[in-house]
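Below: one structure, written as structure tokens.
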Amino acid sequence: MSENDALPVLLGQHPVRDLQDIEKGQLCKQERQPSEDDIAVVTTHLKYCEKVVLNFGLVFALAQGASTPAVAWFIAEAVDALQARDPDNVMKRMGPILIKIGAIALIQFLLGFLWQSCLAWAAAKQSKRWHLSFVGVLLSLDVSWYDEHEPAGVAAKLEADINNVHFFMSKTLGFLIASFAQFMGGLVFAMITGWQLALVVCATIPILLFFGHLLGKEIAQQTIDQQRDFAQAATVAEESIMAIRTVAAFGGEGKATARFEKELLSAKLGGIRTGAKIGFAAGGLNLFYSCFLGLPLLFGGHYLLSHNDVNKTGMVTVIFAMCVAVSGLISFSGFLPILAKAVASAKAMKQMMAAERVIEPPLHTMGELPDKLQTIDTIEFKSVSFRYPTRPEKWVLQNFSFRVEKGQKIALVGESGCGKSTTIQLLERFYDPRGGEVLVNGIQLCKVPVKAWRQLIGYVGQEPVLFATSAMKNIKAGDDSISDEQVMEAAKGAQIYETLMGLPDKFETFVGAGGGLLSGGQRQRLAIARALAKSPQLLLLDEATSALDNESERMVQETLDSLLG
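Counting from 1, position 361 in the sequence shown corresponds to residue 361 in the UniProt record's numbering; the numbering is continuous, with no gaps.
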């Protein structure tokens, strides 16, 4: 092995920032802009061509809604035709009317097909882009952020937010536009035909809007509360399922179920409380909708007809037109809570996308290492102090200093909680120290590109983490630059080669979720092989051989010693 490949073993200072910013890993707060267009917020992740298709879809939805009130005119003509005493004349007059109604129905079918197709296509494109973006965001957030946020709950909340936006864009947005156009078209048509009668009908609209708003507000609030409760319940369920062996071993199935039920209790009680309010609002809508139908019949039949201000056909036309208009208005008010929910979800996702990276924004970008760091010669901790974001009252390290030269190996010894693993995490730059500095070849570690730095490091933790894929892919860890031959050599060095070759599919054997199909020692050796396959300049072992038997530990240690020269 060349001198450059030697393995010094072990370990970031950060320019002073606000303590809470660094230690709490909080999301960057985005103030709401009152002038911001809600539709624009929901469609923020669309490309130009997708926005064009979306706008075409909205035009088709607008046309569909605006064409609906025309049916009222044809129905009024049909009612007038049915008053003819000659049956032959009735059929003669009804034929063209039915053709017109059929034509309107066909046009509405085509328009509905077009706008739903356009919006569904654009929504699917954006939904995929949201998912891809969030995977990148979640993988690039600081480790300190996850100290205060449960990953399963975050994932469940984000999935719900994406589904809210997708559902609104693919379906509700078109119905919202169509129902508004239907309301405006019906109102204008009724005003032109008989404005007096139309004004009487309009008197009930504010009351309908009030109950519609009340109904929508309760549904929206209940939905938000349920999303929060279900996200917490999902965290409990995932935790129990991932630790199913431990749960089963201690007979904890009942307790796990009870914890899950407790998280769901809040959602159940909230639904019960909201039910009465929703029932009141829905009942009020039905009551005043009936009044809406009764008023024009009373006013039109008694006053307008007696004063010859409107004929029977005109009265029927106005009533049907206003029925169409108010039906559109009720639908419109019912869709508004879904819009509000989608906007809230979109804003929450934008805040997540803008999450502040304390270590390096963003982590997944690749910066080049300085020429001085192409080979690691020295690592030095100078008066390093550190405390975890979740335990700000306790200093894990205080004025801690040491220096290690290339080719050396050192061991950190101490009682549990004294900072051994913390030292390694500072070296990995999962965190930055609160005081002092970490120097690599005399350069502050905080000034070194994170991803490039971590490519120089091999790390094996106390509890090895394996992925649900083959042994080969686990050792490569997504690094396509590692050849199969390097994997084989690393496996031999970690004393796992013979074990893998004895499996049915050898290195292509599926190791199970978390490596569950392997023993604890086999998982540990596979993790060591993964670290060795990188040919790291810096090898960090956090009690990496603790799960091995004496013979395997001795052989792995001999391999590490030979690599160190």
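We treat Cβ as the ideally placed atom computed from N, Cα and C, and that holds for glycine.
DSSP three-state assignment for residue i, whether helix, strand or coil
{"i": "Tyr388", "result": "coil"}
{"i": "Tyr146", "result": "helix"}
{"i": "residue 573", "result": "Only positions 1 to 565 of the chain appear in the structure, and residue 573 is not among them; the question remains open."}
{"i": "Gly458", "result": "strand"}
{"i": "Lys382", "result": "strand"}
{"i": "residue 587", "result": "Residue 587 falls outside the range modelled here, since the chain spans only 1 to 565, and no answer is possible."}
{"i": "Ile443", "result": "strand"}
{"i": "Val448", "result": "coil"}
{"i": "Val511", "result": "coil"}
{"i": "Leu269", "result": "helix"}
{"i": "Glu551", "result": "helix"}
{"i": "Val413", "result": "coil"}
{"i": "Cys28", "result": "Legend: pLDDT at Cys28 = 33, less than 50; position of this residue unreliable, value from coordinates given subsequently. Coil, per DSSP."}
{"i": "Val41", "result": "helix"}
{"i": "Asn4", "result": "Only weak support exists for where Asn4 lies, its pLDDT of 39 falling under 50; the coordinates are left without a value."}
{"i": "Leu119", "result": "helix"}
{"i": "Val165", "result": "helix"}
{"i": "Leu373", "result": "helix"}
{"i": "Leu539", "result": "strand"}
{"i": "Glu558", "result": "helix"}
{"i": "Val465", "result": "coil"}
Segment limits, alpha helix (DSSP H) that includes residue i
{"i": "Ile192", "result": "Leu173 to Cys202"}
{"i": "Tyr431", "result": "Tyr431 -> no alpha helix (DSSP H), and no H or E assigned at all."}
{"i": "Glu543", "result": "Per DSSP, Glu543 belongs to no alpha helix (DSSP H) and is neither H nor E."}
{"i": "Ile528", "result": "Gly520 to Ala533"}
{"i": "Gly65", "result": "Tyr48 to Ser67"}
{"i": "Gly493", "result": "Asp484 to Gly493"}
{"i": "Lys506", "result": "Neither: Lys506 is in no alpha helix (DSSP H) and is coded neither H nor E."}
{"i": "Val82", "result": "One point to set straight first is that residue 82 is Leu, not Val, in the sequence displayed. Where Leu82 is concerned, the enclosing alpha helix (DSSP H) stretches over Ala70 to Leu82."}
{"i": "Lys476", "result": "Ala471 to Lys476"}
Cutoff 8 Å; reference residue i; Cβ partners in own chain excluding five residues on either side
{"i": "Ala468", "result": "Phe510, Val511, Gly512, Ala513 and Gly514"}
{"i": "Thr499", "result": "Gln522 and Arg525"}
{"i": "Lys394", "result": "Arg387 and Tyr388"}
{"i": "Ala156", "result": "Phe230, Ala231, Ala234 and Thr235"}
{"i": "Pro151", "result": "Leu138"}
{"i": "Ala160", "result": "Gln227, Phe230, Ala231 and Ser345"}
{"i": "Glu428", "result": "Arg454, Ile457, Tyr459 and Leu540"}
Contact set for residue i: own chain, Cβ-Cβ below 6 Å, skip 5 residues either direction
{"i": "Leu158", "result": "Phe134"}
{"i": "Val79", "result": "Val316"}
{"i": "Ala190", "result": "Ala198, Val318, Ala321 and Met322"}
{"i": "Ala76", "result": "Thr313, Val316 and Thr317"}
{"i": "Gln557", "result": "none"}
{"i": "Met555", "result": "Gln495"}
{"i": "Met424", "result": "A small correction: the amino acid at residue 424 is Ile; Met does not occupy that position in the sequence shown. Once the five neighbours on either side are set aside, the close Cβ partners of Ile424 are Leu540 and Asp542."}
{"i": "Leu62", "result": "Ile177 and Ala181"}
{"i": "Gln64", "result": "Gln108, Leu111, Gly112 and Ala178"}
N- and C-terminal bounds of the beta strand (DSSP E) containing residue i
{"i": "Ser401", "result": "Leu397 to Glu405"}
Sequence-distant residues of the same chain with beta carbon closer than 7 Å to residue i, five excluded per side
{"i": "Val42", "result": "Val165, Phe168, Met169, Ala342, Val343 and Ala346"}
{"i": "Ala70", "result": "Ile104"}
{"i": "Ala490", "result": "Ile475, Ala529, Leu532 and Ala533"}
{"i": "Tyr497", "result": "Met488 and Ala491"}
{"i": "Leu373", "result": "Val440, Asn441, Ile443 and Val448"}
{"i": "Val396", "result": "Phe386, Arg387, Tyr388, Gly419 and Thr422"}
{"i": "Leu412", "result": "Lys420 and Thr423"}
Would you check if there are 3 or more beta carbon pairs closer than 8 Å linking the segment 160-175 to the segment 115-125? Yes, the segment 160-175 touches the segment 115-125.
Whether or not the segment 151-165 and the segment 336-345 are in contact is what I'm after, with contact meaning three or more pairs of Cβ atoms, one per stretch, closer than 8 Å; do they touch? Taking 8 Å as the limit for Cβ pairs, the verdict is that the segment 151-165 does touch the segment 336-345.
query: Are at least three pairs of beta-carbons, each pair with one atom in the segment 143-150 and one in the segment 186-205, less than 8 Å apart?
result: For the pair of segments examined, the segment 143-150 was found not to touch the segment 186-205: the number of CB pairs separated by less than 8 Å stays below three.
- Touching or not, the segment 511-531 and the segment 458-478, by the rule of three or more beta carbon pairs under 8 Å? Contact between the segment 511-531 and the segment 458-478 is present, because at least three Cβ pairs lie under 8 Å.
Quiz item: Three or more C-beta pairs closer than 8 Å, one from the segment 172-192 and one from the segment 324-343: is that the case here?
Solution: Yes: the two stretches touch, three or more of their Cβ pairs being nearer than 8 Å.
Q: Decide yes or no for the touch test of the segment 431-439 against the segment 453-460: beta carbon pairs closer than 8 Å, at least 3 of them.
A: No, the segment 431-439 does not touch the segment 453-460.
- Would you call the segment 90-109 and the segment 46-53 in contact, with 3 or more CB pairs under 8 Å? With a cut-off of 8 Å, the segment 46-53 and the segment 90-109 do not count as touching, because too few Cβ pairs lie within range.
| Does the segment 259-275 come close enough to the segment 227-242 to have 3 or more Cβ pairs within less than 8 Å? | Yes, since at least three Cβ pairs between the segment 259-275 and the segment 227-242 fall closer than 8 Å, the two stretches touch.
key: At least three beta-carbon pairs within less than 8 Å, the segment 478-486 to the segment 398-405   = In short, these stretches do not touch, since the Cβ pair count stays below three.
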